[in-house]
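From first to last, the protein sequence lines are chains A and B.
Sequential numbering from 1 applies to the first sequence in my numbering.
Sequential numbering from 196 applies to the second sequence in my numbering.
Worksheet: the structure to be examined is printed underneath.
Protein chains: 2
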Amino acid sequence: MPDRQPATRRTGAQTRAEAQRIALELFSNQGYEATSMQQVADALGIRKASLYYHFRGKDEIVRSLLEGRGDEARALARWVHEQTPSPTLARDAVLRWVDSSSREKLRGIRFMNANPLLVGTVARRAGVDVGDELAAVLDALLPHDADPRRRLLLRMAFMSLPAAVAAAEPGTPDEVTVAAARAAAESLVAAAARP
Amino acid sequence: MPDRQPATRRTGAQTRAEAQRIALELFSNQGYEATSMQQVADALGIRKASLYYHFRGKDEIVRSLLEGRGDEARALARWVHEQTPSPTLARDAVLRWVDSSSREKLRGIRFMNANPLLVGTVARRAGVDVGDELAAVLDALLPHDADPRRRLLLRMAFMSLPAAVAAAEPGTPDEVTVAAARAAAESLVAAAARP
DNA sequence: GTCTATACGGTGATAGAC
DNA sequence: GTCTATCACCGTATAGAC
Numbered sequence: 001m002p003d004r005q006p007a008t009r010r011t012g013a014q015t016r017a018e019a020q021r022i023a024l025e026l027f028s029n030q031g032y033e034a035t036s037m038q039q040v041a042d043a044l045g046i047r048k049a050s051l052y053y054h055f056r057g058k059d060e061i062v063r064s065l066l067e068g069r070g071d072e073a074r075a076l077a078r079w080v081h082e083q084t085p086s087p088t089l090a091r092d093a094v095l096r097w098v099d100s101s102s103r104e105k106l107r108g109i110r111f112m113n114a115n116p117l118l119v120g121t122v123a124r125r126a127g128v129d130v131g132d133e134l135a136a137v138l139d140a141l142l143p144h145d146a147d148p149r150r151r152l153l154l155r156m157a158f159m160s161l162p163a164a165v166a167a168a169e170p171g172t173p174d175e176v177t178v179a180a181a182r183a184a185a186e187s188l189v190a191a192a193a194r195p
Numbered sequence: 196m197p198d199r200q201p202a203t204r205r206t207g208a209q210t211r212a213e214a215q216r217i218a219l220e221l222f223s224n225q226g227y228e229a230t231s232m233q234q235v236a237d238a239l240g241i242r243k244a245s246l247y248y249h250f251r252g253k254d255e256i257v258r259s260l261l262e263g264r265g266d267e268a269r270a271l272a273r274w275v276h277e278q279t280p281s282p283t284l285a286r287d288a289v290l291r292w293v294d295s296s297s298r299e300k301l302r303g304i305r306f307m308n309a310n311p312l313l314v315g316t317v318a319r320r321a322g323v324d325v326g327d328e329l330a331a332v333l334d335a336l337l338p339h340d341a342d343p344r345r346r347l348l349l350r351m352a353f354m355s356l357p358a359a360v361a362a363a364e365p366g367t368p369d370e371v372t373v374a375a376a377r378a379a380a381e382s383l384v385a386a387a388a389r390p
């Protein structure tokens, strides 16, 4: 297949960035394993071998997509530790988390929702586990001998944005999804506080 | 690789059933695409070609795993339509759904959580879409011009079991997960009722 | 029903010219 | 940076003997 659009001129960094955009889209819609490097290269308008110039391999694309993740979770953990304990601390922390997660991150959440196993593996291999960070936050918000049911409810509150994205019908406007996630977070954190 | 445990004697139906059990487990832990027919056959203690005697292909295993799904959703839709409208109908329907879903179904939920895209594709190809059934239930519970935010919250209430499974740390006892899901469902349906 | 053996396509990945 | 060409491998799937 020698005929193809004369690849629009791009600098290296631009090509890399666009490849990330395209890969994120394909991985979200078809899944990581079901997406081939060939598909990504085709959508990019370059040959597969050229794609390998920008990324060492398929998994490196994923890692590049995930880099920086975990920073926010760590920041939240730090913030929680700095606060003086109060009855509304859990609620404040949850809303802080959901609100910080909601800016432009919906695309990333869709990707993570579509490839839960992959994200877990890569994150573990990359050293940082978001789940662990979240656990640290929970430990600061709940007594260590707390009812595991209430602990899980609080976890669900923190994960209400991904849950909302997963529950939303295709085509739901982002603002609706975010609003519902916020309301769900408030509701769940309250449920976690009830005995 | 000619040496292998002398396959424990099984009837055809037993082999098929055990293959389903094993495949469900592997698909849940590693994902569908990342699991090869070779792995399933190995875990079963038979040759790959023998596995193809019981199932036409890999996707037929998934379909066999999913068959019967959608029946419960349809039953719920029917039940809702039979009820006389009342202020607590939504709450009753949600709890009915979560409770009915919670018996022995956690394994299936884990599978669906691990392979969201696959399940969507297969279900669509198999004709029945669980999402559509759920939409029908929602239409009966909410006015058609209802706030989309409240509609999504109600959807989240129905999906609180998968959400709880997704949020649970590995090793969480099933009873804890189910209890949290129930509490979350109640909480979310209440949130959906608030303006 | 289970086996051995094999066909076939596509995949991730690399070498090296331009 | 992008290309052509090529690789080894592994996946699904089938044929046919027992």
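Beta carbons: idealized from backbone N, C-alpha and C, even for Gly.
| query | Where Ala385(B) and Arg286(B) are concerned, what is the direct C-alpha to C-alpha distance, given to the nearest angstrom? | reply | 8 Å
| Integer-rounded CB distance, given that Ser297(B) should sit under 8 Å from Arg373(B) | A small correction: the amino acid at residue 373(B) is Val; Arg does not occupy that position in the sequence shown. So it is a contact: roughly 5 Å between Cβ atoms.
| query | Alpha carbon to alpha carbon, what distance is there between Ile304(B) and Arg264(B)? | reply | 11 Å
| query | What did DSSP end up calling Phe55(A) once you bin it into helix, strand or coil? | reply | coil
| task | To the nearest angstrom, report how far apart Ala43(A) and Ser36(A) are at their CA atoms. | result | 11 Å
| message | In this structure, how does DSSP classify Gly36(A) when only helix, strand and coil are distinguished? | response | It is Ser, not Gly, that sits at residue 36(A) in the sequence shown. DSSP places Ser36(A) in coil when its eight states are reduced to three.
| Taking only runs of the alpha helix (DSSP H) that begin and end inside the segment 157-186 of chain A, which ones reach a length of at least 4 residues, in chain order? | 160-167
| request: Please say whether Gln225(B) and Leu118(A) have beta carbons closer to each other than 8 Å? | output: no
| query | By a C-beta neighbour count over all protein chains shown, 10 Å radius and 16 as the cutoff for buried, is His249(B) buried or exposed? | reply | buried
| request: Report all residues from its chain with a CB closer than 8 Å to the CB of Gln246(A); omit the five preceding and five following residues, and keep chain order. | output: Residue 246(A) cannot be examined here, being either before or after the span of chain A that is shown, 1 to 195.
| request: Using a Cβ cut-off of 8 Å, pull out every chain A residue sitting near Gln225(B), in sequence order please. | output: Leu117
| Just the Cα atoms here: how many angstroms apart are Ala13(A) and Leu336(B)? | 51 Å
| Whose CA, out of Ala352(B), Ala361(B), Thr279(B), lies closest to the CA of Ser223(B)? | Ala361(B)
| Alpha-carbon spacing of Asp294(B) relative to Thr11(A), whole angstroms | 56 Å
| Interface positions of the segment 371-384 of chain B facing chain A (Cβ-Cβ less than 8 Å), listed along the chain | Val371, Thr372, Ala374, Ala375, Ala378, Ala379, Glu381, Ser382, Leu383
| task | Kindly indicate if chain A contains any beta-carbon less than 8 Å away from that of Ala388(B). | result | no
| message | If contacts are defined as beta-carbon pairs under 8 Å, then Thr367(B) and Leu188(A) qualify, I think. What distance do you get, rounded to the angstrom? | response | Between Leu188(A) and Thr367(B) the Cβ distance is about 16 Å, and since that is not below 8 Å, they are no contact.
| Interface residues of chain B facing Thr172(A) [CB-CB closer than 8 Å] | Pro343, Leu347
| request: Could you tell me which of Pro365(B), Thr283(B), Val332(B) sits nearest to His276(B), measuring between CA atoms? | output: Val332(B)
| Environment of Glu328(B) [buried if 16+ CB atoms lie within 10 Å] | buried
| task | Using a Cβ cut-off of 8 Å, pull out every chain B residue sitting near Met37(A), in sequence order please. | result | Within 8 Å Cβ-Cβ: nothing; Met37(A) doesn't reach chain B, min ~15 Å.
| Name the chain B residues that come within less than 7 Å of Ala168(A), Cβ to Cβ? | Leu347
| said: Rounded to the nearest angstrom, what separates Ala93(A) and Ala73(A) at their Cα positions? | reply: 11 Å
| Which chain B residues are close to Arg155(A), counting only those with a beta carbon under 8 Å from its beta carbon? | Ala362, Ala363, Glu364
| query | Quick one: what's got a C-beta closer than 7 Å to Arg211(B)'s C-beta in the same chain, skipping five residues either side? | reply | His249
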